[in-house]
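Data block below; observations after.
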Amino acid sequence: KNDVLARDRLGQFAFHLQEIHARSTEEALVAGTAAAIAAAPKKTGRMASTIHYTLISPKEGEVSVGTRHWRYAEFGTAPHLITGDVSFFWTREGRRWNPGTNMISHPGSMSKPFMRIGYEVACDTLKEAMSRNYRMAFP
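See the structure below:
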(Lines of atoms letter the chains of each structure in order from A and count residues from 1; the text may use other names and numbers.)
(Lines give C-alpha, C1' and ligand atoms only; values in the text may rest on other atoms or scores of the structure.)
Protein backbone atom coordinates (compact mmCIF):
# COMPACT_ATOMS: atom_id res chain seq x y z
CA LYS A 1 0.00 0.00 0.00
CA ASN A 2 2.83 2.43 0.76
CA ASP A 3 4.45 1.67 -2.61
CA VAL A 4 1.23 2.58 -4.43
CA LEU A 5 0.84 5.79 -2.42
CA ALA A 6 4.44 6.82 -3.09
CA ARG A 7 4.07 6.18 -6.84
CA ASP A 8 0.81 8.12 -6.89
CA ARG A 9 2.40 11.10 -5.14
CA LEU A 10 5.45 10.93 -7.39
CA GLY A 11 3.14 10.97 -10.42
CA GLN A 12 1.28 14.00 -9.03
CA PHE A 13 4.61 15.74 -8.39
CA ALA A 14 5.73 15.10 -11.98
CA PHE A 15 2.38 16.37 -13.29
CA HIS A 16 2.69 19.58 -11.22
CA LEU A 17 6.25 20.11 -12.50
CA GLN A 18 5.07 19.87 -16.11
CA GLU A 19 2.25 22.28 -15.39
CA ILE A 20 4.68 24.74 -13.74
CA HIS A 21 7.11 24.49 -16.66
CA ALA A 22 4.39 25.07 -19.26
CA ARG A 23 2.90 28.05 -17.40
CA SER A 24 6.32 29.61 -16.76
CA THR A 25 7.52 29.06 -20.33
CA GLU A 26 4.41 30.67 -21.76
CA GLU A 27 4.73 33.65 -19.41
CA ALA A 28 8.33 34.12 -20.56
CA LEU A 29 7.37 33.83 -24.24
CA VAL A 30 4.59 36.39 -23.89
CA ALA A 31 6.92 38.85 -22.11
CA GLY A 32 9.75 38.28 -24.60
CA THR A 33 7.43 38.74 -27.57
CA ALA A 34 6.00 41.96 -26.14
CA ALA A 35 9.51 43.33 -25.49
CA ALA A 36 10.68 42.43 -29.02
CA ILE A 37 7.61 44.10 -30.54
CA ALA A 38 8.16 47.22 -28.45
CA ALA A 39 11.85 47.42 -29.43
CA ALA A 40 11.42 46.54 -33.14
CA PRO A 41 12.14 49.23 -35.74
CA LYS A 42 8.88 50.99 -36.64
CA LYS A 43 9.63 52.46 -40.07
CA THR A 44 6.55 50.75 -41.56
CA GLY A 45 5.50 48.61 -38.58
CA ARG A 46 5.44 45.48 -40.75
CA MET A 47 8.33 43.78 -38.97
CA ALA A 48 6.87 44.34 -35.50
CA SER A 49 3.48 43.04 -36.61
CA THR A 50 4.99 39.69 -37.66
CA ILE A 51 6.69 38.89 -34.33
CA HIS A 52 4.97 35.97 -32.60
CA TYR A 53 5.68 33.07 -30.24
CA THR A 54 5.07 29.34 -30.40
CA LEU A 55 4.98 27.04 -27.36
CA ILE A 56 6.67 23.87 -28.63
CA SER A 57 6.60 21.82 -25.41
CA PRO A 58 6.18 22.56 -21.68
CA LYS A 59 9.89 23.46 -21.50
CA GLU A 60 10.48 24.88 -24.97
CA GLY A 61 9.19 27.72 -27.11
CA GLU A 62 10.35 30.16 -29.73
CA VAL A 63 9.83 33.79 -30.65
CA SER A 64 10.12 34.40 -34.37
CA VAL A 65 9.82 37.17 -36.95
CA GLY A 66 7.90 36.70 -40.18
CA THR A 67 10.17 38.82 -42.39
CA ARG A 68 13.42 37.90 -44.10
CA HIS A 69 15.16 41.20 -43.46
CA TRP A 70 14.92 41.12 -39.64
CA ARG A 71 18.54 39.97 -39.23
CA TYR A 72 19.85 43.08 -41.02
CA ALA A 73 18.03 45.28 -38.51
CA GLU A 74 19.06 43.09 -35.56
CA PHE A 75 22.77 42.76 -36.39
CA GLY A 76 23.37 45.66 -38.79
CA THR A 77 25.51 45.47 -41.90
CA ALA A 78 29.11 46.38 -42.69
CA PRO A 79 29.90 48.80 -45.52
CA HIS A 80 29.63 46.92 -48.81
CA LEU A 81 29.22 47.34 -52.55
CA ILE A 82 25.81 46.92 -54.15
CA THR A 83 24.85 46.90 -57.80
CA GLY A 84 23.71 50.30 -58.90
CA ASP A 85 21.25 49.28 -61.57
CA VAL A 86 18.89 52.05 -60.50
CA SER A 87 16.62 54.47 -62.25
CA PHE A 88 14.81 57.39 -60.68
CA PHE A 89 13.43 60.82 -61.53
CA TRP A 90 16.03 63.53 -60.93
CA THR A 91 13.93 66.49 -59.78
CA ARG A 92 16.67 69.11 -60.05
CA GLU A 93 17.42 68.20 -63.66
CA GLY A 94 13.79 67.50 -64.55
CA ARG A 95 14.57 64.14 -66.14
CA ARG A 96 15.06 60.47 -65.41
CA TRP A 97 18.52 59.37 -64.32
CA ASN A 98 19.57 55.90 -65.41
CA PRO A 99 23.29 55.36 -64.89
CA GLY A 100 23.21 51.76 -66.05
CA THR A 101 24.99 48.92 -64.28
CA ASN A 102 27.58 50.26 -61.86
CA MET A 103 28.60 49.71 -58.24
CA ILE A 104 27.50 51.86 -55.33
CA SER A 105 29.32 51.96 -52.01
CA HIS A 106 26.66 51.27 -49.37
CA PRO A 107 27.71 52.75 -46.01
CA GLY A 108 26.20 49.87 -44.00
CA SER A 109 23.69 50.21 -41.20
CA MET A 110 23.81 50.29 -37.42
CA SER A 111 22.36 47.35 -35.54
CA LYS A 112 19.02 47.86 -33.80
CA PRO A 113 18.75 44.78 -31.57
CA PHE A 114 15.14 44.02 -30.78
CA MET A 115 15.13 40.21 -30.66
CA ARG A 116 18.06 40.25 -28.22
CA ILE A 117 16.05 42.54 -25.95
CA GLY A 118 13.11 40.12 -26.20
CA TYR A 119 15.42 37.20 -25.36
CA GLU A 120 16.83 38.94 -22.28
CA VAL A 121 13.33 39.87 -21.05
CA ALA A 122 12.16 36.27 -21.63
CA CYS A 123 15.10 34.87 -19.64
CA ASP A 124 14.48 37.21 -16.71
CA THR A 125 10.74 36.52 -16.79
CA LEU A 126 11.32 32.75 -16.91
CA LYS A 127 13.49 32.87 -13.78
CA GLU A 128 10.90 34.93 -11.90
CA ALA A 129 7.95 32.85 -13.14
CA MET A 130 9.58 29.51 -12.28
CA SER A 131 10.44 30.71 -8.79
CA ARG A 132 6.96 32.14 -8.20
CA ASN A 133 5.15 29.10 -9.64
CA TYR A 134 7.27 26.65 -7.62
CA ARG A 135 6.55 28.56 -4.42
CA MET A 136 2.82 28.55 -5.21
CA ALA A 137 2.70 24.82 -6.03
CA PHE A 138 4.98 23.64 -3.23
CA PRO A 139 4.66 26.06 -0.29
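Residue numbers (the numbering used here): 11 to 149. Built from N, CA and C at the ideal position, the CB exists for glycine as well. Owing to the predicted nature of the structure, the values given are computational and were not obtained by experimental measurement.
Are there 16 or more other CB atoms within 10 angstroms of the CB of Met120, so buried, or fewer, so exposed?
-> The residue you call residue 120 lines up with position 110 of the sequence shown. By the neighbour-count rule (16 or more Cβ atoms within 10 Å), Met120 is not buried but exposed.
Could you give the distance in angstroms between the alpha-carbon of Gly71 and the alpha-carbon of Arg102?
-> Your numbering for residue 71 matches position 61 in the sequence shown. Your numbering for residue 102 matches position 92 in the sequence shown. Approximately 53 Å between the Cα atoms of the pair.
Give the secondary structure of Thr30 by DSSP, where H, G and I count as helix, E and B as strand, and everything else as coil.
-> Taking the sequence shown and counting its residues from 1, the one referred to as residue 30 is at position 20. In the sequence under discussion, the amino acid at residue 30 is Ile, which differs from the Thr named in the question. Per DSSP, reduced to three states, the secondary structure at Ile30 is helical.
Beta-carbon separation (whole angstroms), Met57 vs Ala50, contact threshold 8 Å = One-based indexing of the sequence shown puts residue 57 at position 47. One-based indexing of the sequence shown puts residue 50 at position 40. Yes, they are in contact, since the Cβ atoms of Met57 and Ala50 sit about 5 Å apart, within 8 Å.
Local Cβ density within 10 Å of Ala83, reported as buried at 16 or more and exposed below that | Position 73 of the sequence shown, counted from the start, is the residue given in the question as residue 83. So Ala83 ends up on the buried side.
8 Å Cβ cutoff met for Thr87 and Met113 | The residue you call residue 87 lines up with position 77 of the sequence shown. The residue you call residue 113 lines up with position 103 of the sequence shown. In this structure, Met113 does not lie closer than 8 Å to Thr87 by Cβ.
Find the nearest neighbour of Gly76 within the set Pro89, His62, Phe85, Gly118, judged by alpha-carbon distance.
-> Locating residue 76 in the sequence shown gives position 66, where the first residue counts as 1. Selection Pro89, His62, Phe85, Gly118 evaluated against Gly76 yields His62 as nearest (Cα-Cα).
Return the CA-CA distance between Leu136 and Phe124, expressed in angstroms with no decimal places.
-> Taking the sequence shown and counting its residues from 1, one reaches residue 136 at position 126. Taking the sequence shown and counting its residues from 1, one reaches residue 124 at position 114. Distance between the alpha carbons of Leu136 and Phe124: 18 Å.
Between His116 and the rest of its own chain, which residues show a CB-CB distance below 8 Å, the 5 nearest in sequence each way excluded?
-> By 1-based counting over the sequence shown, the position of residue 116 is 106. Setting aside the 5 residues that flank it on each side, His116 is surrounded in the same chain by Thr87, Pro89, His90, Leu91, Ile92, each with a C-beta closer than 8 Å to its C-beta; the list follows chain order.
Sequence-distant residues of the same chain with beta carbon closer than 6 Å to His31, five excluded per side = Here the question's residue 31 lines up with position 21 in the sequence shown. The beta carbon of His31 is closer than 6 Å to those of Pro68, Lys69 in its chain, skipping five residues each way along the sequence.
Own chain, CB closer than 7 Å to Ala38, minus 5 neighbours either side, in chain order = The residue labelled residue 38 in the question sits at position 28 within the sequence shown. Once the five neighbours on either side are set aside, the close Cβ partners of Ala38 are Ala132, Thr135, Leu136, Ala139.
Hey, how far is the Cα of Phe23 from the Cα of Ala41?
-> The count along the sequence shown starts at 1 and reaches residue 23 at position 13. The count along the sequence shown starts at 1 and reaches residue 41 at position 31. Answer to the nearest angstrom: the Cα atoms are 27 Å apart.
With Met113 as the anchor, note down where its beta strand (DSSP E) starts and where it stops.
-> Position 103 of the sequence shown, counted from the first residue, corresponds to residue 113. In the DSSP assignment, Met113 falls within the unbroken beta strand (DSSP E) covering 113-116.
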